[in-house]
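Engineer: Count along the sequence shown from 1, then add 14; that gives the number in the numbering used here.
We treat Cβ as the ideally placed atom computed from N, Cα and C, and that holds for glycine.
Can you keep this structure in mind? I'll have questions shortly.
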Amino acid sequence: MRIFILYLLVRSGYGAQLLSEMYGSLRSPDFPEPYPRDTVLNWNISVPVGFRINLFFSHFDLEPSYLCEYDSVKVEADGAVLALFCGKEETDTEEVPAQRIITSPRNSLSIKFVSDFSNEERFSGFLAHYSAVDVDECSERGDEDQLCDHFCHNFIGGYYCSCRYGYQLHTDNHTCTVECSGAVFRERSGALSSVNFPSPYPKSSDCSYRIEVEEGFRLRLQFDPRFDVEDHPDISCPYDYVKIQAGSREFGPFCGGRSPGIIEIDSNVVSIRFHSDDSGENLGWRLSYTAVGSQCPVPEAPPNAVMVPVQSEYSFKDHVVFSCQPGFLLIQDDGALDRLQLECRADGSWSGRPPRCHKVDCGMPRKVDGAIVVFGDHDKSTLFGARVHYVCMEEGVQLSNSSFRCGPTGEWVDAEGGTEVPTCLPACGLPSRSLPPQVKRIVGGRSAEPGLFPWQVLLSVEDLSRVPEDRWFGSGALLSGSWILTAAHVLRSQRRDTNVVPVAPDHVKVFLGLHSIKDKHSSTSRSVDQIFLHPNFQPNNYNNDIALLRLSEPTEYNRLVRPVCLPPVHRQDLPSPLLPHSLGLVAGWGISNTSSSPSPSPLTSDLLQYVKLPVVPQDECQASYASRSVGYNITDNMFCAGFFRGGRDTCLGDSGGAFVMEVKRRWAVFGLVSWGGPEDCGSQRVYGVYTRVDKYTEWIQSHVHTAPWW
């Protein structure tokens, strides 16, 4: 950057020097040597418009005199003296610049140096610097003297104006106005106002509005009581005004602080013009309008009908729509309709009469095999709201959903709103044969009669991953047409690795309705398409020993094949039916008396055996295994059943079989045969250990989706 240094040595008679750079320096002649006598020197500094000049003296040493009458430096701008300096130190009659900065009011400044006929003490003079500084026009103006209508923006050397969103800058570059012409209102009622009402409206604007409604209507305008348009005390509305034109008739101009109120116009078209000049801060106006026409009598909605809209009065071109409440059909001359619309005509009459609403007819209920229909009333009504019940004719069979009502859409629906045809299904936990009064044991126990345990299934499992191939049997319980519940260890693959995985589904065969092992090849059998071991099954201690099988094809129910019920979800705040000493039944084809082990075993009993066993208190169950080999740990997910003296027990081959208890005249599975001690089955104080099923009811239902029966 160049630095402009001005060195002027001007003696008496020299003219003024013009400085136009944005900054520079000036000094007394011969500085820093003493300045000459009889000298007059002028500097005229001028910078562009939008700037001011700052002047600063870095050195000042002139001859002192009373009121600076000998030697002096005078600073002037716009014909006014800004400063008169002389001397070296401030006195009552002499002023020195010291550290003061002198600022010009505008973009020009004059400096005049004068010395008289003597400079005996050889005063050194002065050195001064100047610079152009930007003028912030926006901040220097007060609120009452704004440069810009909305926003002012300063830049170096000037400023510019801008407007709020929705406004545009007027050609005067200061005023903000809006485009407010061409709006047409065609609704039968509405409102319009000056822009920003009730805030000040834009200046320098000409707004025009037009209201056009259908022929046959006339318009009624009503101005808001808040009306504030700039006026004049002597002349009628010379600045801002509102004018209304309706055909050849004109209303207004309106201005001032008094609202025009209500204006009745005998026309369906009106034009409104609003003019504002370039000044003022008035709040503006607002009006609402309505289209007035011939009135029709208020219609009445017939029974079970809905009419919209509901109003206290209806005028020409108004509409009402009739529809029926759910469960009813709208009937008119042309037949059934979804809705009917009537219009108020110019002569004050409606275009038709209200309709009638009749109940929906669902027709005769659908037939269900093995069931009869019982109507809820004597006249066997099939209209909306009527109810029917299906009753299965075979004992021990229940409906999936037995109660239906005629719904609003003309269909018979159940309590959940479904329309699926009900079916007669065997109820869970209901054997087709009653138990005898005396129930003995599996170990040396009693054979079950066919149909006594219709949920009992035989599982045949192969593990081809082992060499030589391994095969074993187990039991399970039928939960539904497609799902079997059993113990996880029955289905776990015996591969020698750390992973807990099931055997392949195609290596499992399920036999249902089986009584004698000899008949298994002629009995109902199913293959398996999916196996679910419990995700937390621990094969080292049989904790969470539970699994599910899904059949590849659903089985059909009969007197030998029926499902067992699931127990209620285990809750800490409610007593469990699985109380100490309560009795349950277990069935299976396991061996009658041999050395026990947790691993599966071949079958030795041809006929299905069963036994009644009591639930052992949990502390006794845990104590009976506490002193035995490491690994026999009773968790909260297990319980024991059996007798202290032994003699009755489940055994190998019974694994996965259901421990069932009677609850509310239904049999529910509360346990699964899991494992036992190292001694013979039925030994003294060697209880059978069962998986506690009610701890897993929610997990089972997440897969099986069976409806709870309790």
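Measuring straight from C-alpha to C-alpha, what distance separates Y556 and R679?
Structural biologist: Those two C-alpha atoms are separated by around 31 Å.
Engineer: Assuming K217 and D292 are in contact, meaning their beta carbons sit under 8 Å apart, how far apart are those beta carbons, in whole angstroms?
Structural biologist: Indeed they touch by this definition, with Cβ atoms about 5 Å apart.
Engineer: If you check the beta carbons only, do G671 and V600 fall under 8 Å apart?
Structural biologist: Cβ distance < 8 Å, so G671 and V600 count as in contact.
Engineer: Just reading off the alpha helix (DSSP H) that Y639 is part of, what are its end residues?
Structural biologist: First-last of the alpha helix (DSSP H) with Y639: 632-640.
Engineer: Using 10 angstroms around the beta-carbon of T423, count the other beta-carbons present and answer buried if the total reaches 16, otherwise exposed.
Structural biologist: The residue in question, T423, is exposed, as its Cβ has fewer than 16 Cβ neighbours within 10 Å.
Engineer: State whether the region 289-305 contacts the region 318-326, with contact taken as three or more CB pairs (one from each stretch) at a distance under 8 Å.
Structural biologist: With the cut-off at 8 Å, the region 289-305 and the region 318-326 do not touch.
Engineer: Of all the beta strand (DSSP E) runs that stay within the bounds of the region 17-93, which reach a length of 3 or more residues?
Structural biologist: Correct list: 31-33, 37-41, 53-60, 65-75, 86-91.
Engineer: Pop quiz: V198 and L233 are said to be a contact at Cβ under 8 Å. What is the actual Cβ separation, rounded to whole angstroms?
Structural biologist: That belief does not hold up - the Cβ atoms of V198 and L233 are roughly 13 Å apart, past 8 Å.
Engineer: Would P368 pass as a contact of F336 if the rule is Cβ separation under 8 Å?
Structural biologist: Yes, these two residues count as a Cβ contact at 8 Å.
Engineer: State the Cα-Cα distance for the pair S39 and L183, rounded to the nearest angstrom.
Structural biologist: If I take the Cα positions, the gap works out to 43 Å.
Engineer: Looking at the unbroken alpha helix (DSSP H) that takes in V505, where does it start and where does it end?
Structural biologist: The sequence shown places Leu at residue 505, rather than the Val named in the question. Where L505 is concerned, the enclosing alpha helix (DSSP H) stretches over 502-505.
Engineer: Could you pull the DSSP bridge partners for Q236 from this structure?
Structural biologist: In the DSSP output, where bridge partners are listed per residue, Q236 has I276, S302.
Engineer: Output needed for V89: all residues of its chain with C-beta closer than 6 Å, excluding positions within five of it in sequence on either side, in chain order.
Structural biologist: Result list for V89: L96, A97, I116, I125, in chain order.
Engineer: Do S219 and S290 have their C-beta atoms within less than 8 Å of each other?
Structural biologist: Yes. Within cutoff.
Engineer: Determine the DSSP secondary structure at W603, reduced to helix, strand or coil.
Structural biologist: W603 falls in the coil class under three-state DSSP.
Engineer: How big is the Cα-Cα spacing for G488 and W469?
Structural biologist: Those two C-alpha atoms are separated by around 14 Å.
Engineer: For L473 versus T500, is the C-beta distance shorter than 8 Å?
Structural biologist: The answer is yes: Cβ separation under 8 Å.
Engineer: Please list, in chain order, all residues of the same chain as F70 whose beta carbon is under 6 Å from its beta carbon, the five residues on each side excluded.
Structural biologist: The residues are I115, H143.
Engineer: Are V514 and P553 touching if we call contact CB-CB under 8 Å?
Structural biologist: Closer than 8 Å, so yes.
Engineer: Quick check on I717: does DSSP put it in helix, strand or coil?
Structural biologist: Note that residue 717 is His in the sequence shown, not Ile. Of the three classes helix, strand and coil, the one that applies to H717 here is helix, per DSSP.
Engineer: If we ignore side chains and look at the alpha-carbon of each, how far apart do V402 and P589 end up?
Structural biologist: The alpha-carbon atoms of V402 and P589 are separated by roughly 37 Å.
Engineer: May I have the straight-line CA-CA distance separating G261 from G421, to the nearest angstrom?
Structural biologist: One C-alpha to the other measures close to 59 Å.
Engineer: What distance in whole Å lies between the Cβ atoms of Q236 and S326, which are believed to be in contact at a cut-off of 8 Å?
Structural biologist: Going by Cβ atoms, the distance from S326 to Q236 rounds to 19 Å, so no, they are not a contact pair.
Engineer: Just to confirm before moving on: does the CB-CB distance between F525 and V471 stay below 8 Å?
Structural biologist: Cβ atoms of F525 and V471: closer than 8 Å.
Engineer: Could you work out which residue in A400, I386, A385 is closest to H392 when comparing CA atoms only?
Structural biologist: That would be A400, whose Cα lies nearest to the Cα of H392.
Engineer: Taking DSSP as the reference, what is the three-state secondary structure of P212?
Structural biologist: DSSP places P212 in coil when its eight states are reduced to three.
Engineer: Using 10 angstroms around the beta-carbon of D708, count the other beta-carbons present and answer buried if the total reaches 16, otherwise exposed.
Structural biologist: Classification for D708: buried.
Engineer: What is the rounded straight-line gap between the Cα of A561 and the Cα of K523?
Structural biologist: Taking the straight line joining both Cα atoms gives about 15 Å.
Engineer: With which residues is N168 paired in a DSSP beta bridge?
Structural biologist: N168 pairs with Y173.
Engineer: Just mark R80 as buried or exposed, buried being the case when its beta carbon has 16 or more other beta carbons within 10 Å.
Structural biologist: Here the sequence assigns Tyr to residue 80, which means Arg is not the residue at that position. So Y80 ends up on the exposed side.
Engineer: Can the beta-carbon of F447 be found less than 8 Å from the beta-carbon of Y624?
Structural biologist: Phe is not the amino acid found at residue 447; the sequence shown has Arg there. Contact flag unset, no.
Engineer: Taking the alpha-carbon of H164 as reference, which of G180, D280, G171, D150 has the nearest alpha-carbon?
Structural biologist: Nearest C-alpha to H164: G180.
Engineer: Suppose you measure from the CA of A429 to the CA of Q586; what does that come to, to the nearest Å?
Structural biologist: A429 and Q586: Cα-Cα distance of roughly 31 Å.
Engineer: Between the C-alpha atoms of E103 and Y37, what's the straight-line distance to the nearest angstrom?
Structural biologist: Their Cα atoms are separated by approximately 27 Å.
Engineer: Which residues does DSSP pair with T569 in a beta bridge?
Structural biologist: According to DSSP, which records beta bridges pairwise, T569 is partnered with nothing at all.
Engineer: Once DSSP output is grouped into helix, strand and coil, what is the label at A626?
Structural biologist: According to the sequence shown, residue 626 is Lys rather than Ala. Reduced to three states, the DSSP call for K626 is strand.
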